[in-house]
Amino acid sequence: MTRKQIHLLTQQTISEDLGQVEYILTDKTGTLTENKMIFRRCCIAGTLYGNESGDALKDVELLNAVADNLPHVIKFLTVMALCNTVIPIKSPSGTISYKAQSQDEDALVNAASNLHVVLVSKNGNNAEIHFNRRVIQYEILDILEFTSDRKRMSVVISDSQSGKIFLLSKGADEAILPLAYSGQQIKTFVDAVDKYAQLGLRTLCLGWRELSLEEYLEWSRLFKEANSALVDREWKVAEVCQKLEHSLDILGISAIEDRLQDGVPETIEILRQSGINFWMLTGDKQSTAIQIALLCNLISSEPKGQLLYINGKTEDEVARSLERVLLTMRITSSEPKELAFVVDGWALEIILTRYKEAFTELAVLSKTAICCRVTPSQKAQLVKLLKSCDYRTLAIGDGGNDVRMIQQAHIGVGISGREGLQAARAADYSIGKFRFLKRLILVHGRYSYNRTAFLSQYSFYKSLLICFIQILFSFVSGIAGTSLFNSVSLMAYNVFYTSIPVLTTVLDKDLSEKTVTQNPEILLYCQAGRLLNPSTFAGWFGRSLYHAIVVFLITIHAYANEKSEMEELSMVALSGSIWLQAFVVTLEMSFWQYGETSLLSTS
Ligand SMILES: [Mg+2]
1 MTRKQIHLLT QQTISEDLGQ VEYILTDKTG TLTENKMIFR RCCIAGTLYG NESGDALKDV
61 ELLNAVADNL PHVIKFLTVM ALCNTVIPIK SPSGTISYKA QSQDEDALVN AASNLHVVLV
121 SKNGNNAEIH FNRRVIQYEI LDILEFTSDR KRMSVVISDS QSGKIFLLSK GADEAILPLA
181 YSGQQIKTFV DAVDKYAQLG LRTLCLGWRE LSLEEYLEWS RLFKEANSAL VDREWKVAEV
241 CQKLEHSLDI LGISAIEDRL QDGVPETIEI LRQSGINFWM LTGDKQSTAI QIALLCNLIS
301 SEPKGQLLYI NGKTEDEVAR SLERVLLTMR ITSSEPKELA FVVDGWALEI ILTRYKEAFT
361 ELAVLSKTAI CCRVTPSQKA QLVKLLKSCD YRTLAIGDGG NDVRMIQQAH IGVGISGREG
421 LQAARAADYS IGKFRFLKRL ILVHGRYSYN RTAFLSQYSF YKSLLICFIQ ILFSFVSGIA
481 GTSLFNSVSL MAYNVFYTSI PVLTTVLDKD LSEKTVTQNP EILLYCQAGR LLNPSTFAGW
541 FGRSLYHAIV VFLITIHAYA NEKSEMEELS MVALSGSIWL QAFVVTLEMS FWQYGETSLL
601 STS
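Be aware that the sequence shown starts at 1, since it is given in UniProt numbering, and climbs by one per residue.
Structure representation (structure tokens):
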């Protein structure tokens with residue numbers, strides 16, 4: 001086992017729960033994907049680049065456009081290089097690296113630099129760009145920050161040479177495209193966004209506008225006022241930002257690839273075979289989420305699978321849509337078709353507040369779900385909902401936005417990735433990659449469940465055994481209250497004789513790790529709680545009573561006609577109990593079955 005594969009356990013009590021997981025709620029970016037963004041394609045002024053090679057940076061057409069100084073392409077690259085909060089760092093050897101808050105920004109700045117629009121330095125409010133051996137200085141006047149409500153960010157810059165002021169904006173398509181100046185044709189951009197999303201790429205829309213000095217000064221005054229407001233500052237700032245962000249010249253669409261982690265489709269496939277249901281909860285847009293879900297075997301394409309959409313623009317539409325999906329789910333639940341439902345954050349908000357009962361029924365019927373554009377609190381609410389249906393849940397995520405979901409679930413798993421250690425610290429288990437979840441659940445979870453089930457019931461058994469002998473003895477002694485065993489014997493029985501043999505179960509394995517991972521259906525046995533339930537407990541209870549009667553009768557019978565000391569009687573009964581419980585431990589050890597199955601598989 002390599003160091004990366006070692007699972008860090010932060011809590012001891014939930015190991016056996018791992019073997020009984022029924023629902024896994026997973027984040028997308030950084031959990032299923034690598035969170036390593038690579039600029040792949042773009043659409044500038046209606047021309048799609050990178051379609052043939054799959055890499056826009058190697059597209060000769062785009063390289064020629066840059067060399068020919070095509071104005072729209074240069075504007076697009078300038079927005080890529082400047083509309084961000086990235087900080088360039090120059091090493092002593094002269095190479096420039098970028099420090100970015102988000103992986104998307106890092107990918108865009110690096111792509112611009114590869115296309116010869118290089119962000120060289122940022123000192124305070126001054127940014128320097130190198131392009132075609134020219135140095136262009138810009139002054140960054142204001143930054144209109146990104147928020148999850150606005151879904152866009154903007155930067156106001158002034159060209160130091162010409163003195164012109166520009167507004168550069170980038171953001172989600174639904175946040176930027178409606179801001180296009182009246183008369184601009186945006187159909188090609190809408191088509192490009194759809195096309196890229198279907199390929200599973202993350203899209204960002206870029207736009208810009210020249211501002212007059214008067215307009216900027218007027219706005220700047222309002223912006224400063226809003227920023228210094230003491231009440232409702234966030235809301236006021238957002239409102240002022242909106243006043244500037246309009247009539248944009250939409251420059252194009254960038255498409256960034258975030259690859260799936262190694263082994264994700266296989267892991268999901270195996271865990272689903274073991275009867276675990278998957279829900280994907282993501283902040284990303286619907287089409288990208290569906291594409292990633294298809295790629296990682298979470299859902300199947302038609303005709304094997306079917307996606308049911310819960311959507312609508314008004315509350316009534318959402319309610320009707322939910323009813324329709326529920327009806328379809330009820331009718332087709334007996335068919336072998338893989339059904340999954342898709343819901344977005346807005347519809348989910350309405351559903352969770354007004355139609356919780358119907359949604360709970362849907363959650364029980366549906367094995368797979370994709371929830372898009374959800375907030376961290378909605379993620380936690382969904383975990384809570386599944387918990388209320390008595391399902392054992394596991395939540396896995398990598399970022400700070402997954403912490404609430406991780407803490408809400410029975411078992412929280414954090415991935416220590418590029419988003420920092422926030423999720424990993426809040427979780428019960430921390431792993432390096434999603435694929436290690438397979439081993440964590442199937443191997444560690446299953447063994448832990450088996451061992452805990454045996455150990456807890458065995459502890460009752462061995463204590464009851466000695467108790468029943470005492471009770472039986474009390475009948476013979478005329479209920480005199482005399483103890484058959486002395487206190488030293490009882491202490492030695494509990495502390496020494498019965499606790500040492502059972503330690504062997506710590507390493508006990510009924511099946512090899514390989515067999516378990518190759519036949520994940522075995523986990524269904526654990527999920528159903530077949531090893532630890534009232535009937536197995538009754539079995540152990542009966543066993544202890546029966547053993548007590550046997551030990552007691554033999555002891556009494558052997559000494560019935562002899563005049564013997566009670567001490568001798570006590571020792572015989574005690575050693576009988578010790579041998580019997582040691583025999584039970586040996587008998588219950590799965591090692592024998594393991595040896596047998598190994599022999600069978602080798603022969
Ligand atoms: Mg994430």
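Just so it is clear, CB atoms sit at the ideal spot from N, CA and C, and this is done for glycine as well.
Tell me where the beta strand (DSSP E) around residue i begins and ends.
i, result
"F278", "277–281"
"V155", "152–159"
"K90", "87–90"
"T555", "First-last for T555: 534–559, but that is the alpha helix (DSSP H), not the beta strand (DSSP E)."
"R133", "From DSSP, R133 is part of no beta strand (DSSP E); its letter is neither H nor E."
"R40", "33–44"
"L394", "393–397"
"residue 617", "Absent from the structure is residue 617, since the part of the chain shown begins at 1 and ends at 603."
"S97", "96–99"
"E338", "338–344"
So is the beta-carbon of residue i under 7 Å away from any non-hydrogen atom of ligand 1?
i, result
"D106", "no"
"T504", "no"
"G30", "yes"
"G171", "no"
"D402", "yes"
"G252", "no"
"G397", "yes"
"E128", "no"
"D510", "no"
"D258", "no"
"D27", "yes"
"E34", "no"
"E419", "yes"
Should residue i be flagged as near chain C, meaning a C-beta pair shorter than 8 Å?
i, result
"S474", "Chain labels in this structure do not include chain C; a single protein chain is all it has."
Can you tell which of the options has its C-alpha closest to the C-alpha of residue i?
i, options, result
"N132", "E105, N64, R451, H410", "N64"
"L281", "M405, D249, I253", "M405"
"K509", "V550, L25, R446, I469", "R446"
"K90", "I299, S575, N123", "N123"
"V73", "L251, E588, N533", "L251"
"F475", "A175, I556, T85, Q242", "I556"
"G432", "I415, A426, H444", "I415"
"D402", "R425, R209, I299", "R425"
"N84", "N69, I38, G417, G171", "G171"
"F189", "D258, E52, C42", "C42"
"P336", "A100, K367, N486", "K367"
"L394", "N69, G412, S577, V118", "G412"
"L326", "A229, Y309, N126", "Y309"
"residue 605", "S499, N519, L141, A319", "With the chain running from 1 to 603 in the structure shown, residue 605 is simply not present."
"C296", "R259, G46, K379, E323", "R259"
"L532", "Q518, W219, G263, T452", "T452"
"S15", "Y449, D191, V240, Q198", "Y449"
"I290", "I370, A226, H116", "I370"
"E239", "S247, D249, E225, L248", "E225"
Within the continuous alpha helix (DSSP H) that includes residue i, where are the two ends?
i, result
"K195", "187–198"
"F359", "356–365"
"E419", "Element bounds for E419: n/a, residue is neither H nor E."
"L82", "71–82"
"V572", "566–588"
"L108", "103–114"
"Y123", "It should be noted that the sequence gives Asn, not Tyr, for residue 123. Where N123 is concerned, there is no enclosing alpha helix (DSSP H), although the beta strand (DSSP E) it sits in stretches over 117–123."
"E317", "315–332"
"S489", "487–492"
"Q306", "It is not in any alpha helix (DSSP H) - Q306 instead sits in the beta strand (DSSP E) that spans 305–310."
Worksheet entry | Segments of 4+ residues assigned as alpha helix (DSSP H) that fall wholly inside the region 435–482 | The region 435–482 contains these whole alpha helix (DSSP H) runs: 436–439, 446–476.
Item to complete: Decide yes or no for the touch test of the region 385–400 against the region 22–37: beta carbon pairs closer than 8 Å, at least 3 of them.
Response: The region 385–400 vs the region 22–37: in contact.
Worksheet item: If you pair each beta-carbon of the region 270–278 with each one of the region 514–530, do three or more pairs fall below 8 Å?
Response: Verdict: yes, contact present.
Practice prompt. Output the residue ranges of the beta strand (DSSP E) runs that lie fully inside the region 209–287 and measure 3 residues or longer, sorted by chain position.
Written response: Here the runs fully enclosed are 249–260, 277–281.
Practice prompt. Would you check if there are 3 or more beta carbon pairs closer than 8 Å linking the region 445–461 to the region 427–436?
Written response: No, the region 445–461 is not in contact with the region 427–436.
Item to complete: State whether the region 177–197 contacts the region 229–237, with contact taken as three or more CB pairs (one from each stretch) at a distance under 8 Å.
Response: Because the criterion of three Cβ pairs below 8 Å is not met, the region 177–197 and the region 229–237 do not touch.
Practice prompt. Inspect the CB distances between the region 284–304 and the region 465–472 and report whether three or more fall short of 8 Å.
Written response: Using a Cβ-Cβ distance cut-off of 8 Å, the region 284–304 and the region 465–472 are not in contact, since fewer than three pairs of beta carbons, one from each stretch, lie closer than that value.
Discussion item. Would the region 192–209 count as touching the region 164–178 if we require 3 or more Cβ pairs under 8 Å?
Written reply: Because the criterion of three Cβ pairs below 8 Å is met, the region 192–209 and the region 164–178 touch.
Fill in: Validate contact between the region 346–358 and the region 311–329 using beta carbons, cut 8 Å, 3 pairs
Note that the region 346–358 touches the region 311–329; at least 3 beta-carbon pairs, one per stretch, sit closer than 8 Å.
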